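Undergrad:
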Amino acid sequence: MLDKTFDPKKIDNKNYEIEEKLGIFNSDVNSTKKSFCLMMPPPNVTGVLHMGHALNFTLQDIIVRYKRLNNYNVLWQPGTDHAGIATQIVVEKQLNKNNQNRHELGKEDFIKKVWEWKNKSGNQIVSQMRQLGVSADWARERFTMDDELSDTVKKVFIELFDNKLIFKEKRLINWDVKLQTAVSDLEVENKDVNGFLYFIKYPFKKNKGSYITIATTRPETMLGDTGVAVHPKDKRFKKFHNDTVILPILEKEIPLVLDEHADPEKGSGAVKITPAHDFNDFEVGTRHKLKLINIFDNEGKLNELNPKEFQGLDRLKAREKILEVLNNKGLLEKKEQYKYTVPYGDRSGEVLEPFLTDQWFVDAKKLSKDAIKIVKENKISFLPKSWEKIYFDWLENIQPWCISRQIWWGHKIPIWYGPDKKAFAAMNKKEALIKAEKFYKKKVELIQDNDVLDTWFSSSLWPFSTLGWPNQTKEYKKYYPTNLLITGFDIIFFWVARMIMMGLFFTKKPPFKEVYIHALIRDEKGQKMSKSKGNVIDPLELTSKYGSDALRFTLSSLASPGRDIKLSTQKVESSRNFATKIWNASRYIFLNDCKINSSFDPKKINHEVNKWIIHSLVEVNANITKTIDEYKFNEASNNLYQFIWRTFCDWYLEFTKPILQSNDKKLVDETKNTIIWTLDNILIMLYPFMPFLSRELRSQIHNNELVYQWPNFKNLKKSDDAKKEIDWIVNLISQIRTVRTSVRIPAKAVLNLSFKDLKKDKQNFLIKYSSFLQRLARVEIKETKSKNILQFVCDKTNFFLDVGDIIDLKDEEKRISDQMEKIRIEINKINKMLKNSNFIKNAPIEVVKKQKESFMNYKKTLKKLEEAKKNISTN
Numbered sequence: 060m061l062d063k064t065f066d067p068k069k070i071d072n073k074n075y076e077i078e079e080k081l082g083i084f085n086s087d088v089n090s091t092k093k094s095f096c097l098m099m100p101p102p103n104v105t106g107v108l109h110m111g112h113a114l115n116f117t118l119q120d121i122i123v124r125y126k127r128l129n130n131y132n133v134l135w136q137p138g139t140d141h142a143g144i145a146t147q148i149v150v151e152k153q154l155n156k157n158n159q160n161r162h163e164l165g166k167e168d169f170i171k172k173v174w175e176w177k178n179k180s181g182n183q184i185v186s187q188m189r190q191l192g193v194s195a196d197w198a199r200e201r202f203t204m205d206d207e208l209s210d211t212v213k214k215v216f217i218e219l220f221d222n223k224l225i226f227k228e229k230r231l232i233n234w235d236v237k238l239q240t241a242v243s244d245l246e247v248e249n250k251d252v253n254g255f256l257y258f259i260k261y262p263f264k265k266n267k268g269s270y271i272t273i274a275t276t277r278p279e280t281m282l283g284d285t286g287v288a289v290h291p292k293d294k295r296f297k298k299f300h301n302d303t304v305i306l307p308i309l310e311k312e313i314p315l316v317l318d319e320h321a322d323p324e325k326g327s328g329a330v331k332i333t334p335a336h337d338f339n340d341f342e343v344g345t346r347h348k349l350k351l352i353n354i355f356d357n358e359g360k361l362n363e364l365n366p367k368e369f370q371g372l373d374r375l376k377a378r379e380k381i382l383e384v385l386n387n388k389g390l391l392e393k394k395e396q397y398k399y400t401v402p403y404g405d406r407s408g409e410v411l412e413p414f415l416t417d418q419w420f421v422d423a424k425k426l427s428k429d430a431i432k433i434v435k436e437n438k439i440s441f442l443p444k445s446w447e448k449i450y451f452d453w454l455e456n457i458q459p460w461c462i463s464r465q466i467w468w469g470h471k472i473p474i475w476y477g478p479d480k481k482a483f484a485a486m487n488k489k490e491a492l493i494k495a496e497k498f499y500k501k502k503v504e505l506i507q508d509n510d511v512l513d514t515w516f517s518s519s520l521w522p523f524s525t526l527g528w529p530n531q532t533k534e535y536k537k538y539y540p541t542n543l544l545i546t547g548f549d550i551i552f553f554w555v556a557r558m559i560m561m562g563l564f565f566t567k568k569p570p571f572k573e574v575y576i577h578a579l580i581r582d583e584k585g586q587k588m589s590k591s592k593g594n595v596i597d598p599l600e601l602t603s604k605y606g607s608d609a610l611r612f613t614l615s616s617l618a619s620p621g622r623d624i625k626l627s628t629q630k631v632e633s634s635r636n637f638a639t640k641i642w643n644a645s646r647y648i649f650l651n652d653c654k655i656n657s658s659f660d661p662k663k664i665n666h667e668v669n670k671w672i673i674h675s676l677v678e679v680n681a682n683i684t685k686t687i688d689e690y691k692f693n694e695a696s697n698n699l700y701q702f703i704w705r706t707f708c709d710w711y712l713e714f715t716k717p718i719l720q721s722n723d724k725k726l727v728d729e730t731k732n733t734i735i736w737t738l739d740n741i742l743i744m745l746y747p748f749m750p751f752l753s754r755e756l757r758s759q760i761h762n763n764e765l766v767y768q769w770p771n772f773k774n775l776k777k778s779d780d781a782k783k784e785i786d787w788i789v790n791l792i793s794q795i796r797t798v799r800t801s802v803r804i805p806a807k808a809v810l811n812l813s814f815k816d817l818k819k820d821k822q823n824f825l826i827k828y829s830s831f832l833q834r835l836a837r838v839e840i841k842e843t844k845s846k847n848i849l850q851f852v853c854d855k856t857n858f859f860l861d862v863g864d865i866i867d868l869k870d871e872e873k874r875i876s877d878q879m880e881k882i883r884i885e886i887n888k889i890n891k892m893l894k895n896s897n898f899i900k901n902a903p904i905e906v907v908k909k910q911k912e913s914f915m916n917y918k919k920t921l922k923k924l925e926e927a928k929k930n931i932s933t934n
């Protein structure tokens with residue numbers, strides 16, 4: 060027997076362990092069933108489950124559990140990413156606690172320490188995923204630094220290198236001065252800061268006494284200027300087009316170039332061009348063949364190419380010194396307060412430096428052509444489709460992909476250098492020596508490249524490397540290409556696009572057929588969650604308090620394609636209440652001795668109420684099947700919610716209570732069989748969303764001998780007449796309840812109900828289901844005699860409720876009128892506020908939003924009161 064009170068802590072872990080022991084999560088490479096494969100985006104091995112993970116894994120889990128119910132052989136491939144920079148930082152911090160650092164330890168011993176940490180503490184997020192109910196094939200769990208995957212990374216690098224698609228070049232990249240490594244764009248956190256815009260005068264050479272004023276937020280980079288740009292159509296500078304400019308401090312002549320990058324409306328209209336320290340300037344410099352001068356070292360200090368007085372100064376110290384010199388020379392015209400965007404390293408918290416350095420790059424432009432074509436040919440589909448345009452825009456303007464990192468933890472770049480720096484790509488040093496000897500015609504010493512590969516390089520191979528490629532394994536042949544990828548929009552470029560490029564180049568097939576892009580989770584006010592705002596919601600706290608099923612159901616019910624999710628603890632609590640409702644309804648059903656009957660045939664039932672619930676079940680099953688197939692998770696879960704709470708619990712179980720107490724044994728048996736059969740099918744449909752609750756309750760129904768198969772009612776004929784009759788009665792009872800509540804009629808008071816011009820078939824419904832009306836609406840079908848009458852319309856028919864002397868409708872009408880007047884005053888007050896442009900412009904966004912919501916809520920309340928007043932008829 061079920062406990063009286065629903066407690067998710069008692070059922071979550073227990074049912075997860077049962078399923079895992081039964082092998083339900085496992086794929087079967089020898090199965091004859093139709094296969095379905097979904098790749099888990101590997102979370103960082105350093106990670107802790109956050110709300111973005113919870114959403115992503117929940118949506119994936121719903122799909123794989125649903126596919127298993129539909130008799131698919133499912134492989135949900137799990138694993139974790141070695142997370143180069145993040146992991147190195149974690150281990151370095153541990154060393155620092157013991158007054159050690161990696162340089163003292165040495166590279167080899169440091170890597171051993173990282174592996175020790177990974178094996179001991181690196182799987183925290185995996186246990187947290189299990190807590191959420193993630194039913195991945197854990198027997199096949201992979202790590203991006205596994206030996207097999209590492210070999211694949213090397214083979215891929217070598218083939219790209221041999222095809223001249225990987226090259227080493229001096230280019231501008233994001234440089235982290237604290238970590239002293241290149242970082243990817245995804246590791247850049249752009250922050251708005253309040254600073255200054257400095258206006259500096261650069262003298263012209265030919266036009267003596269004339270200056271061009273440039274505006275910059277970074278005067279410290281001017282020592283690397285190799286030009287000044289103005290817009291070709293900016294008339295202010297037309298007479299200077301053939302002149303050159305003298306770079307202050309260095310007194311060096313640099314060209315004035317005409318380029319549309321200079322915005323006449325921004326700053327002074329003139330832009331200093333520092334190609335080695337600004338990405339836009341690099342492009343301008345390339346167009347005009349300007350020199351690239353790197354003025355910083357790896358630590359962000361001014362290097363030996365600068366005047367001695369500035370050498371060794373940190374960037375900000377150099378800024379102060381340069382401004383002082385300019386001011387003394389009378390070349391600092393002014394400074395203005397200015398808000399601008401600064402790139403920070405998300406791991407180090409340091410301001411990143413656009414830095415000119417030798418790095419390894421992938422020629423992404425060449426690889427992108429097939430990646431664009433495959434989506435345009437609809438061989439890969441994005442859902443929502445709007446993401447395809449963003450995907451195309453990025454790929455059509457793609458730059459070389461920087462794949463080298465100056466850290467110790469990661470896949471070592473499989474390159475060895477000969478005496479003349481010639482690079483040899485090889486699986487190991489032995490193979491590199493053979494290649495070198497063949498090239499040099501003699502034995503030579505080789506030195507391996509010090510860098511490691513960008514984490515995204517190995518991740519881009521995930522869909523096929525985890526299946527054993529380049530070997531033609533059974534797994535690779537059976538599950539590749541995979542069916543679906545579910546991921547966030549923030550890694551479309553860094554991961555999704557690169558997987559498509561790599562998959563097409565190496566396997567000649569798309570890595571997946573569909574890409575579902577889920578939304579971003581925000582707080583209840585619609586703000587992005589961040590530690591600094593203090594609005595981060597911890598999924599583990601929610602699962603601990605409300606249960607994993609409650610969180611899963613909440614996330615699925617809010618997962619509307621293309622719309623960000625506003626999450627609050629109240630919504631999770633509401634889902635827990637929904638689980639409690641199902642628990643209590645099941646307990647009531649079990650207490651009424653409803654037991655599953657294997658010989659029950661839903662096609663042979665007779666009572667209209669039982670026909671009605673089966674008809675409704677067939678309809679909702681078709682709806683939920685369609686919406687899950689279309690990845691409309693919110694529609695599927697909300698339809699399930701409405702059916703379970705409203706149709707099944709609030710109506711059907713209430714309709715059947717008198718039947719279960721009747722002496723008609725045949726009808727009682729039919730009803731009990733229908734109730735338990737319907738509940739069983741409900742719990743199967745609930746399973747992808749709330750697996751723990753579903754399994755716990757179904758184990759009670761089937762004495763732990765569970766068979767899970769998605770309901771298929773194609774051969775079950777629907778009862779249209781019963782559906783029509785009961786739906787009409789449900790609508791009438793609902794209307795009566797609404798009218799009663801609107802004028803505060805006591806719940807137990809029985810009223811007389813009459814009507815005018817009601818069709819004969821509907822009159823028969825009233826007679827046939829009079830007992831339902833008496834129990835659930837507290838009315839009797841009788842002529843109305845008093846003057847206290849409530850009138851309402853249902854199904855285009857006028858109905859009348861005789862209130863008698865229970866309440867004074869004149870007093871009630873006055874109360875409603877007074878309330879309406881107060882609400883109108885509030886509506887007018889808010890309306891004036893919202894029409895005030897100064898309020899809209901100056902008030903905080905949240906305040907404006909709150910006023911708009913209040914306005915809409917008042918309007919809704921007013922409409923309800925108007926309807927209630929209209930119902931009052933004092934004859």
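Per my numbering, the sequence shown starts with residue 60, numbered consecutively. Quick reminder that beta carbons are idealized off the backbone N, C-alpha and C, glycines included. Just so we're clear, the structure is a prediction, and the values are computed from it rather than from any experiment.
Using the Cβ count rule (16 or more neighbours within 10 Å means buried), how would you classify residue 806?
TA: Your numbering for residue 806 matches position 747 in the sequence shown. Answer is exposed; the Cβ neighbour count stays below 16.
Undergrad: I'd like to know whether the C-beta of residue 672 is nearer than 8 Å to at least one C-beta of chain B.
TA: Considering every chain present, this structure includes no chain B. It has just one protein chain.
Undergrad: Looking at the structure shown, is residue 112 part of a helix, part of a strand, or coil, going by DSSP?
TA: Position 53 of the sequence shown, counting from 1, holds the residue named residue 112. Note: residue 112 maps to helix in three-state DSSP.
Undergrad: On the criterion of 16 or more Cβ atoms from any shown chain inside 10 Å, does residue 634 qualify as buried, or is it exposed?
TA: Here residue 634 is taken as the residue at index 575 of the sequence shown, counted from 1. Buried, because 16 or more other Cβ atoms sit within 10 Å of the Cβ of residue 634.
Undergrad: Assuming residue 910 contacts residue 889 under a Cβ cut-off of 8 Å, what Cβ separation, rounded to an integer in Å, is found between them?
TA: Taking the first residue of the sequence shown as position 1, residue 910 is located at position 851. Taking the first residue of the sequence shown as position 1, residue 889 is located at position 830. Confirmed, Cβ separation roughly 6 Å.
Undergrad: Are the beta-carbon atoms of residue 139 and residue 102 separated by less than 8 Å?
TA: In the sequence shown, counting from the first residue as 1, residue 139 sits at position 80. In the sequence shown, counting from the first residue as 1, residue 102 sits at position 43. Yes; because the gap between Cβ atoms is below 8 Å, this pair is in contact.
Undergrad: Tell me whether residue 933 sits in a helix, a strand or coil according to DSSP, three-state version.
TA: Residue mapping note: residue 933 aligns to position 874 of the sequence shown, counting from 1. Because the pLDDT of residue 933 is 44, which lies under 50, any placement of that residue in the model is unreliable, and the number read from its coordinates should be weighed accordingly. Three-state result, residue 933: strand.
Undergrad: Measuring alpha carbon to alpha carbon, tell me which residue in 374, 196, 660, 99 is nearest residue 277.
TA: Residue mapping note: residue 277 aligns to position 218 of the sequence shown, counting from 1. Of the listed residues, the one whose Cα sits closest to residue 277 is 374.
Undergrad: Skipping 5 residues on each side, what residues in its chain have a beta carbon closer than 6 Å to that of residue 898?
TA: Taking the sequence shown and counting its residues from 1, the one referred to as residue 898 is at position 839. So the qualifying residues of the chain are 892.
Undergrad: Measuring straight from C-alpha to C-alpha, what distance separates residue 346 and residue 239?
TA: Taking the sequence shown and counting its residues from 1, the one referred to as residue 346 is at position 287. Taking the sequence shown and counting its residues from 1, the one referred to as residue 239 is at position 180. Spanning the two alpha carbons is a distance of roughly 29 Å.
Undergrad: Put residue 211 into one of helix, strand or coil per three-state DSSP.
TA: On the sequence shown, position 152 is the one that residue 211 refers to. Residue 211: helix per DSSP, three-state reduction.
Undergrad: Give the straight-line distance between the Cα atoms of residue 875 and residue 799, rounded to the nearest whole angstrom.
TA: As a position in the sequence shown, residue 875 is number 816, starting the count at 1. As a position in the sequence shown, residue 799 is number 740, starting the count at 1. Computed Cα separation, rounded: 14 Å.
Undergrad: Excluding the five sequence neighbours on either side, which residues of its own chain have a C-beta within less than 7 Å of the C-beta of residue 829, listed in chain order?
TA: Start at 1 with the first residue of the sequence shown, and residue 829 comes out as number 770. Closer than 7 Å at Cβ, skipping near neighbours: 840.
Undergrad: Using beta-carbon positions only, say whether residue 538 and residue 90 come within less than 8 Å of one another.
TA: The count along the sequence shown starts at 1 and reaches residue 538 at position 479. The count along the sequence shown starts at 1 and reaches residue 90 at position 31. Result no, Cβ atoms of residue 538 and residue 90 do not sit closer than 8 Å.
Undergrad: Measuring alpha carbon to alpha carbon, tell me which residue in 243, 356, 396, 372 is nearest residue 406.
TA: Within the sequence shown, residue 406 is the residue found at index 347, counting from 1. Residue 243 is the option with its Cα nearest to residue 406.
Undergrad: If you count every other CB in all the chains shown that lies within 10 Å of the CB of residue 174, and 16 or more means buried, which is it?
TA: Locating residue 174 in the sequence shown gives position 115, where the first residue counts as 1. Its Cβ having fewer than 16 others within 10 Å, residue 174 is exposed.
Undergrad: Using only the alpha-carbon positions, how far apart do residue 638 and residue 108 sit?
TA: Here residue 638 corresponds to residue number 579 of the sequence shown, with the count starting at 1. Here residue 108 corresponds to residue number 49 of the sequence shown, with the count starting at 1. Their backbone Cα atoms lie some 23 Å apart in a straight line.
Undergrad: Could you check what DSSP says for residue 479 in three-state terms: helix, strand or coil?
TA: Here residue 479 corresponds to residue number 420 of the sequence shown, with the count starting at 1. Note: residue 479 maps to coil in three-state DSSP.
Undergrad: Just list the residues that DSSP pairs residue 730 with in beta bridges.
TA: In the sequence shown, the residue the question calls residue 730 occupies position 671. Per DSSP, none; premise fails for residue 730.
Undergrad: Could you give the C-beta distance for residue 563 and residue 425, rounded to a whole number, given that I count them as a contact under 8 Å?
TA: Counted from its first residue, the sequence shown places residue 563 at position 504. Counted from its first residue, the sequence shown places residue 425 at position 366. Actually they do not touch by this definition, with Cβ atoms about 12 Å apart.
Undergrad: In whole angstroms, what separates the C-alpha of residue 935 from that of residue 763?
TA: Here the chain covers residues 60 to 934 and nothing more, so residue 935 does not appear.
Undergrad: Quick test of the definition: if touching needs 3 or more C-beta pairs under 8 Å, does the stretch 448 to 465 touch the stretch 114 to 126?
TA: Taking 8 Å as the limit for Cβ pairs, the verdict is that the stretch 114 to 126 does not touch the stretch 448 to 465.
Undergrad: Given the structure, does residue 530 come close to the ligand SAH, in the sense that its CB is under 7 Å from one of the ligand's heavy atoms?
TA: Of the ligands one can find in the structure shown there are none, so the ligand SAH has no counterpart to examine.
Undergrad: For residue 214 versus residue 529, is the C-beta distance shorter than 8 Å?
TA: Along the sequence shown, one-based indexing puts residue 214 at 155. Along the sequence shown, one-based indexing puts residue 529 at 470. For residue 214 and residue 529, yes; Cβs fall inside 8 Å.
Undergrad: Confirm, please, whether the CB-CB distance from residue 415 to residue 495 is below 8 Å.
TA: Translated into the one-based positions of the sequence shown, residue 495 becomes position 436. Translated into the one-based positions of the sequence shown, residue 415 becomes position 356. No, these two residues do not count as a Cβ contact at 8 Å.
Undergrad: Please determine, among 593, 516, 610, 582, the residue with the shortest C-alpha to C-alpha distance to residue 561.
TA: Against the sequence shown, residue 561 aligns to sequence position 502. The shortest C-alpha separation from residue 561 is found at 516.
Undergrad: Where does residue 921 sit, in a helix, a strand or coil, going by DSSP?
TA: As a first step, residue 921 must be located in the sequence shown, where it is residue number 862. In the structure shown, residue 921 sits in a helix (DSSP, three-state: H, G or I).
Undergrad: Which ranges would you report for the alpha helix (DSSP H) in the stretch 593 to 652 if only whole runs of at least 4 residues count?
TA: If we require 4 residues or more, the alpha helix (DSSP H) runs fully inside the stretch 593 to 652 come out as 598 to 605, 607 to 617, 628 to 650.
Undergrad: Taking 8 Å as the cut-off, decide whether the C-beta atoms of residue 454 and residue 431 are in contact.
TA: Reading the sequence shown from its first residue, position 395 is the one you call residue 454. Reading the sequence shown from its first residue, position 372 is the one you call residue 431. Their beta carbons are under 8 Å apart, which means residue 454 touches residue 431 by this criterion.
Undergrad: In the DSSP output, which residue or residues are listed as bridge partners for residue 403?
TA: On the sequence shown, position 344 is the one that residue 403 refers to. Bridge partners of residue 403: 248, 410.
Undergrad: Tell me whether residue 933 is buried or exposed, calling it buried when 16 or more other Cβ atoms sit within 10 Å of its Cβ.
TA: Locating residue 933 in the sequence shown gives position 874, counting from the first residue. Per-residue confidence for residue 933 stands at a pLDDT of 44, beneath the threshold of 50, marking its modelled position as unreliable; no derived number is given.
Undergrad: Assign residue 178 to buried or exposed, taking buried as 16 or more other Cβ atoms, counted over all protein chains shown, within 10 Å of its Cβ.
TA: Start at 1 with the first residue of the sequence shown, and residue 178 comes out as number 119. Exposed, because fewer than 16 other Cβ atoms sit within 10 Å of the Cβ of residue 178.
Undergrad: On the premise that residue 573 lies in contact with residue 543, defined as a C-beta separation below 8 Å, what is that separation, rounded to the nearest angstrom?
TA: What you label residue 543 is simply residue 484 of the sequence shown in a count that begins at 1. What you label residue 573 is simply residue 514 of the sequence shown in a count that begins at 1. Right, the Cβ-Cβ distance comes to about 5 Å (below 8 Å), so this counts as a contact.
Undergrad: Can you tell me which of the three DSSP states residue 220 falls into?
TA: On the sequence shown, residue 220 is found 161 positions in, with the first residue counted as 1. Helix, per DSSP.
Undergrad: Look up residue 460 in the DSSP assignment and give the residues it is bridged to.
TA: In the sequence shown, counting from the first residue as 1, residue 460 sits at position 401. According to DSSP, residue 460 bridges with 421.
Undergrad: Can at least three beta-carbon pairs, one atom from the stretch 454 to 463 and one from the stretch 366 to 380, be found at a separation below 8 Å?
TA: At 8 Å Cβ cutoff, the stretches do not touch.
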